[in-house]
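In what follows, a structure is listed as structure tokens, so that the remarks can point back to it.
Residue numbers (mature numbering (1 follows the signal peptide of the UniProt record, and there is no 0)): -24 to -1, 1 to 754.
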């Protein structure tokens, strides 16, 4: 007799339920890292220290079995935070974390988050003169008293960029230290590198113990990223700096007299939030003036973003925080690090590139870029067979992308191979071509990168070209019976026009958390940047690259962030009493939005004009930023009141009120757009009954005591703008005056409109970008 299928169904269901129960029981015992924020003022007087209180809270939620096996809750603590943040990072099961949420004094519990790195001529391009002249780097600035904390992969102390010759003693306010370990001793710190720490407990809790044979468990940088960013911020001048002969000149940081404190938070497998948070906390306690953070994670709300909470605490202590915007461009809404108290930095080009040409058998010469210099040079007068593994010029596939294992040596050996950009690192594609027997590579952009050209130090002769030229090369290779080409390398070219241009990879707005806060804030050089490098890796960072160089050329918002951090250090040196918001205002209101041929800044992905969603307030202008005329200042209380408009719960708001009794009872902001931000973003709701929106701003005179400004506003199609008053007449320095700006809708637009508001006094131009957005009706 046939078996009853229903019986089998029940047996299968029972087995699945049993398996699920066992799995659930197993998962409930797995410990993960959680960041536990505590309200320090809630600590009972019976505890002698915050750590004792934190430990007792952890022990109270541990199960009896685990409590017996592990003893005090302190054994679960990875880090204790006490400066920019109050609380601990601890190993907890999901059940324990849930129970801990209910405990008095617990403000928030955030799961560990993984972050990723956002991977010379720039001082001169930015208008900073050589230090021998009467320049921004004069000793009067006393930038040697400013200390910049760099959160990254560590530092290579032997680099000449960290030479401390001629530097004065370390400022007395500095409380940091030089931690030691394999490859890093006390003597590696000096008057330039004044501190070095490592943070790996969160990383090890998530990934296992660091293999110290393969990785330095010390401040020494074997990746190169941290050395490059630290040197960009505050590297000492080094004559004759170059990468294999490219970009020859004097390399120097933006603030060459400033000090560097290296906080190593990133390892082979990434950067973890508990380590980053501990580094911010220690840096604030050590006494840094500026924090430079060239990394980012996913999109998180303010109250669930541990970096947002920690940097809020740093801002309260007067620390300026600069973060990279991310390399998610040109896609819209791709920004990271968007809280208004963080300066979010996008990337742009400079007026320098490294030309390389593709000479086709048809006789056509196509321009590109390259940093190749090696023994495997192609003969200038010889044409080599050319091959493209794609089926057409517009649709990449694994072979056309030159991914690992996709190229047939029988097909590509002895040929120049065309590879589409994307998926795998650019230099790795060259390695794949080389391994398959190819003699050269042409790297072609796709629509995602447009005409942006990023030079790389490839292991074989290679030239990168833009999307349109790439399509032409691919069409030639696919339609010609015997296509051929050769490659030529032309060194370094200066005076490139137009420049700067917004990099295609630079992440774009609008701000996904708060439309009324325009992001990014500014753009700065982030393409083909020369700076110091590690002695552990070759310039391509590939393990097969045995070349060793003192300097390397990298691109990314990771490179643009330290430019802003260094300029902020110069501003702090000139104006030590300025708040972090004042420094940010100076950077934003003096930024420019036209290139060196007097056209609007271009977007390299489209070759069209960029918008404030791409470039923020514009491209930084250091000389102007030192003397901005007016500033838009914002206090910690102002930022907190802004958070009151973000629909956070009372408990979530407590995460940002650790240093004072801040509350929303004195909320003076009608909308988030009323925050005294140096940029103006107006959002018209879908309700057409709301015809006028009014925002308020207050400016502080930091120029001559008797200053008289008048306002100029861009015309808009969709709105009429009225500014009251139209003039601001100051009679003393540090005087504050307010104005309001009203937007009355005329004809709603389907796309955002952009423009600017400028206060002029004949010397200063204090510019705020304006973005107007119409929300569509539902």
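Even for Gly, the Cβ is constructed at its ideal location relative to N, Cα and C.
Outcome for residue i when other beta-carbon atoms lying within 10 angstroms are tallied against a minimum of 16
| i | result |
| --- | --- |
| residue 738 | exposed |
| residue 751 | exposed |
| residue -3 | Per-residue confidence for residue -3 stands at a pLDDT of 39, beneath the threshold of 50, marking its modelled position as unreliable; the derived number appears in the next sentence. Residue -3 should be labelled exposed. |
| residue 573 | exposed |
| residue 216 | exposed |
| residue 341 | exposed |
| residue 671 | buried |
| residue 693 | exposed |
| residue 163 | exposed |
| residue 185 | exposed |
| residue 660 | buried |
Distance CB(residue i)-CB(residue j) smaller than 9 Å
| i | j | result |
| --- | --- | --- |
| residue 257 | residue 302 | no |
| residue 246 | residue 90 | yes |
| residue 690 | residue 499 | no |
| residue 579 | residue 426 | yes |
| residue 460 | residue 379 | no |
| residue 207 | residue 135 | yes |
| residue 123 | residue 195 | no |
| residue 295 | residue 266 | yes |
| residue 270 | residue 205 | yes |
| residue 261 | residue 59 | yes |
| residue 676 | residue 710 | yes |
| residue 53 | residue 31 | yes |
| residue 193 | residue 87 | no |
| residue 729 | residue 695 | yes |
Which of helix, strand or coil DSSP assigns to residue i
| i | result |
| --- | --- |
| residue 735 | strand |
| residue 574 | coil |
| residue 729 | strand |
| residue 13 | strand |
| residue 399 | coil |
| residue 417 | strand |
| residue 245 | coil |
| residue 648 | helix |
| residue -14 | Confidence in residue -14 is poor, its pLDDT being 47 and thus under 50, which makes the residue's placement unreliable; the coordinate value appears in the next sentence. Residue -14: helix per DSSP, three-state reduction. |
| residue 138 | helix |
| residue 548 | helix |
| residue 288 | helix |
| residue 533 | helix |
| residue 372 | coil |
| residue 462 | strand |
| residue 83 | strand |
| residue 191 | coil |
| residue 253 | helix |
| residue 624 | coil |
| residue 215 | strand |
| residue 149 | coil |
| residue -8 | With a pLDDT of 45 at residue -8, under the threshold of 50, the modelled position of that residue is not reliable, and the figure given next carries that caveat. Of the three classes helix, strand and coil, the one that applies to residue -8 here is helix, per DSSP. |
Continuous beta strand (DSSP E) stretch holding residue i: start and end
| i | result |
| --- | --- |
| residue 750 | 741 to 750 |
| residue 54 | 53 to 57 |
| residue 700 | 695 to 700 |
| residue 438 | 438 to 441 |
| residue 92 | 90 to 93 |
Residues bridged to residue i (per DSSP)
| i | result |
| --- | --- |
| residue 469 | 329 |
| residue 499 | 322 and 595 |
| residue 343 | 333 |
| residue 240 | 128 and 174 |
| residue 123 | 235 |
| residue 579 | 478 and 584 |
| residue 268 | 126 and 298 |
| residue 160 | 157 |
| residue 493 | Looking at the DSSP assignment, residue 493 forms no beta bridge with any residue, so it has no partner. |
| residue 673 | 715 |
| residue 425 | Beta-bridge pairing links residue 425 to no other residue. |
Near the ligand ADP: residue i beta-carbon under 8 Å from a heavy atom
| i | result |
| --- | --- |
| residue 169 | Annotation note on the ligand ADP: not contained in the displayed structure, which lists no ligands. |
Run of the alpha helix (DSSP H) containing residue i, from where it starts to where it stops
| i | result |
| --- | --- |
| residue 37 | 26 to 37 |
| residue 167 | Careful: residue 167 lies outside any alpha helix (DSSP H) and carries neither H nor E. |
| residue 203 | 201 to 210 |
| residue 615 | 612 to 620 |
| residue 561 | 556 to 565 |
| residue 50 | Note, residue 50: premise wrong, no alpha helix (DSSP H); not H, not E. |
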